[in-house]
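Residue numbers (this note's numbering), protein chains in the order written: chain S, 166 to 558; chain H, 37 to 139. Just so you know, even glycine gets a beta-carbon here, dropped at the ideal spot from N, CA and C. No experiment lies behind these values; they were computed from the predicted model shown. The structure appears below as structure tokens.
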């Protein structure tokens, strides 16, 4: 296989090329801020990297405020305070207040378990525009087991009610997998009962922690078909009452997803330590250097000119079968992190694509895992994961 | 006040953007936008004008009157267009209305 790294002797030409590529992409409308990786939950499909940033590396309050001001200045319209668990930061109210002051629309992406009514009320007063709460299932048994956190489900329900009492719009985020897909109809009903505006039915995406737990999480084809049917029926029935966003797992698809809208095209996120990343899993791709907001460069410069953002931008980096594919500007070769995780080279076609030489093997493997006996989780933590005990605790 | 959801827009309703939908001029891109949870909508010029008139005091009929006068256009056609636009926004969950406190 040929490698597509750019020869260092050609740096002038590269710079020019990078500029012309980058300048066609405006600043994203929304930016994900992972303000901490600390979280009391231990979900086995966590989207954080397997190597988590420790609290000592986190940006300070003043650094985050500077980031927020800079984002507003360059044209970002929305920020998502996420994590880890963003409410684990003691300065969250102050950060939300600052974001509102500089004109940003603020979303809180939370597990909710650390929130008190008083603090939620302070967040609302600080200008918070929207709350998204993750749910692991419909009842305590399964939900608390998936999250590895006793009492979590009950607390989430309570915070969801406070959210609506405080007149904040509520999104229920339900991460779906083999062990909870059967609860989807009840999750839809729960969202209505909680007076949510929006429901995200997000099937697990298999990188990082989720990839380690794939055998315990991968749904069967039949489950997925039923899931899609349930979502379509509910969307029709609940039009104008509940918006349902639906994320399908791509292993069973024939065409890969246009991950992040294409690398470096519409999205970036900032890690707890201040790295500016093309996607929240990007640090899993070894050999890429990501610039930090602590560097001398502005965020706009990093977005437009940094090597990591330009590496997989556009179509110039592609190999076959992507290179000559008629869909290359439709899906941009799928997900770079998934390509790296499953093939060892992020420039390969994402194996989720039927045109990837590895698609068949991976599809078969997923299918076999979905029919398998494994249901024990490897819980997410700073120690690199802890395997669930035999009796499910 | 978040107000009621799932509203049905008629000539008599007094629609208003809910607190979580913000109409804003985007200085970077030189366009009007509606900011909503995980969404950025790009209303066209007419929609912007209609929404600026929807202050929770005027009803849809008043809005149509104003636009009909301003553009010297047939009121009935404008009213129909305004209702369709607002209902679409309501169906997306980004419109509420002011109701009399009677109950």
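Which chain S residues sit within Cβ distance under 7 Å of residue i?
{"i": "residue 58 of chain H", "result": "270"}
{"i": "residue 50 of chain H", "result": "Within 7 Å Cβ-Cβ: nothing; residue 50 of chain H doesn't reach chain S, min ~18 Å."}
{"i": "residue 91 of chain H", "result": "Going along chain S, no residue has its Cβ under 7 Å from residue 91 of chain H, so there is no contact; the nearest lies around 19 Å."}
{"i": "residue 80 of chain H", "result": "Within chain S, no residue comes near residue 80 of chain H; the closest Cβ sits about 18 Å away, beyond 7 Å."}
{"i": "residue 55 of chain H", "result": "332"}
Taking the beta carbon of residue i as the centre, do at least 16 other beta carbons fall within 10 Å, making it buried, or is it exposed?
{"i": "residue 496 of chain S", "result": "buried"}
{"i": "residue 120 of chain H", "result": "exposed"}
{"i": "residue 554 of chain S", "result": "exposed"}
{"i": "residue 61 of chain H", "result": "exposed"}
{"i": "residue 427 of chain S", "result": "buried"}
{"i": "residue 272 of chain S", "result": "buried"}
{"i": "residue 549 of chain S", "result": "exposed"}
{"i": "residue 136 of chain S", "result": "Past the edges of chain S, shown from 166 to 558, lies residue 136 of chain S, and the structure says nothing about it."}
{"i": "residue 283 of chain S", "result": "exposed"}
{"i": "residue 188 of chain S", "result": "Its pLDDT being 42, under 50, residue 188 of chain S is placed unreliably in this model, and the coordinates cannot settle the point."}
{"i": "residue 40 of chain H", "result": "exposed"}
{"i": "residue 210 of chain S", "result": "buried"}
{"i": "residue 230 of chain S", "result": "buried"}
{"i": "residue 281 of chain S", "result": "exposed"}
According to DSSP, is residue i helix, strand or coil?
{"i": "residue 508 of chain S", "result": "helix"}
{"i": "residue 65 of chain H", "result": "coil"}
{"i": "residue 216 of chain S", "result": "coil"}
{"i": "residue 344 of chain S", "result": "coil"}
{"i": "residue 567 of chain S", "result": "Residue 567 of chain S lies beyond the residue range present for chain S, which begins at 166 and ends at 558; the question has no answer from this structure."}
{"i": "residue 226 of chain S", "result": "helix"}
{"i": "residue 456 of chain S", "result": "coil"}
{"i": "residue 51 of chain H", "result": "strand"}
{"i": "residue 276 of chain S", "result": "coil"}
{"i": "residue 555 of chain S", "result": "coil"}
{"i": "residue 138 of chain H", "result": "Model confidence at residue 138 of chain H stands at a pLDDT of 48, short of 50, so the residue's coordinates are unreliable; what they give is reported in the following sentence. Residue 138 of chain H falls in the coil class under three-state DSSP."}
{"i": "residue 433 of chain S", "result": "strand"}
{"i": "residue 197 of chain S", "result": "strand"}
{"i": "residue 42 of chain H", "result": "coil"}
{"i": "residue 477 of chain S", "result": "coil"}
{"i": "residue 411 of chain S", "result": "strand"}
{"i": "residue 133 of chain H", "result": "strand"}
{"i": "residue 71 of chain H", "result": "strand"}
{"i": "residue 186 of chain S", "result": "Caution applies to residue 186 of chain S, whose pLDDT of 39 falls short of 50 and renders its modelled position unreliable; the model cannot decide the point."}
{"i": "residue 524 of chain S", "result": "helix"}
{"i": "residue 393 of chain S", "result": "helix"}
Candidates the options: which alpha carbon is nearest residue i's?
{"i": "residue 212 of chain S", "options": "S/345, S/224, S/446 and S/481", "result": "S/446"}
{"i": "residue 352 of chain S", "options": "S/382, S/383 and S/298", "result": "S/298"}
{"i": "residue 78 of chain H", "options": "H/132, H/136, H/125 and H/42", "result": "H/125"}
{"i": "residue 83 of chain H", "options": "H/50, H/118 and H/98", "result": "H/118"}
{"i": "residue 265 of chain S", "options": "S/315, S/238 and S/516", "result": "S/238"}
{"i": "residue 234 of chain S", "options": "S/465, S/474 and S/432", "result": "S/465"}
{"i": "residue 503 of chain S", "options": "S/360, S/421 and S/330", "result": "S/421"}
{"i": "residue 394 of chain S", "options": "S/538, S/516, S/372 and S/366", "result": "S/366"}
{"i": "residue 50 of chain H", "options": "H/86, H/110, H/80 and H/114", "result": "H/86"}
{"i": "residue 122 of chain H", "options": "H/105, H/111 and H/99", "result": "H/99"}
{"i": "residue 319 of chain S", "options": "S/381, S/306 and S/287", "result": "S/306"}
{"i": "residue 389 of chain S", "options": "S/270, S/544 and S/346", "result": "S/346"}
{"i": "residue 532 of chain S", "options": "S/552, S/482 and S/414", "result": "S/414"}
{"i": "residue 217 of chain S", "options": "S/225, S/226 and S/203", "result": "S/203"}
{"i": "residue 468 of chain S", "options": "S/448, S/491, S/315 and S/435", "result": "S/435"}
{"i": "residue 387 of chain S", "options": "S/376, S/360, S/412 and S/417", "result": "S/417"}
{"i": "residue 360 of chain S", "options": "S/197, S/329 and S/523", "result": "S/329"}
{"i": "residue 340 of chain S", "options": "S/357, S/358 and S/308", "result": "S/308"}
{"i": "residue 451 of chain S", "options": "S/215, S/519 and S/208", "result": "S/215"}
Can you pull the chain S neighbours of residue i, defined as C-beta to C-beta under 8 Å?
{"i": "residue 84 of chain H", "result": "Near residue 84 of chain H there are no residues of chain S at all, since even the closest Cβ is about 16 Å away, more than 8 Å."}
{"i": "residue 76 of chain H", "result": "194, 195, 242 and 243"}
{"i": "residue 73 of chain H", "result": "272, 294, 295, 297, 334, 336, 362 and 363"}
{"i": "residue 126 of chain H", "result": "405"}
{"i": "residue 62 of chain H", "result": "240 and 242"}
{"i": "residue 65 of chain H", "result": "191 and 240"}
{"i": "residue 42 of chain H", "result": "405 and 406"}
Is the beta carbon of residue i within less than 7 Å of some heavy atom of the ligand MG?
{"i": "residue 547 of chain S", "result": "The ligand MG is absent from the structure shown, which contains no ligands of any kind."}
Which chain S residues sit within Cβ distance under 9 Å of residue i?
{"i": "residue 69 of chain H", "result": "194 and 242"}
{"i": "residue 129 of chain H", "result": "334, 362, 363, 405, 406, 407 and 408"}
{"i": "residue 132 of chain H", "result": "Within chain S, no residue comes near residue 132 of chain H; the closest Cβ sits about 11 Å away, beyond 9 Å."}
Mind reading off the beta-carbon distance from residue i to residue j? Whole number of angstroms is fine, and I expect it under 8 Å.
{"i": "residue 268 of chain S", "j": "residue 201 of chain S", "result": "In fact, because the Cβ distance is near 24 Å, the residues do not count as touching under 8 Å."}
{"i": "residue 42 of chain H", "j": "residue 406 of chain S", "result": "5 Å"}
{"i": "residue 291 of chain S", "j": "residue 258 of chain S", "result": "5 Å"}
{"i": "residue 460 of chain S", "j": "residue 438 of chain S", "result": "About 12 Å separates the two Cβ atoms, so there is no contact after all."}
{"i": "residue 242 of chain S", "j": "residue 195 of chain S", "result": "7 Å"}
{"i": "residue 566 of chain S", "j": "residue 64 of chain H", "result": "Here chain S has residues from 166 to 558 only, and residue 566 of chain S is not among them."}
{"i": "residue 510 of chain S", "j": "residue 500 of chain S", "result": "Contact doesn't hold; Cβ gap of about 13 Å is too wide."}
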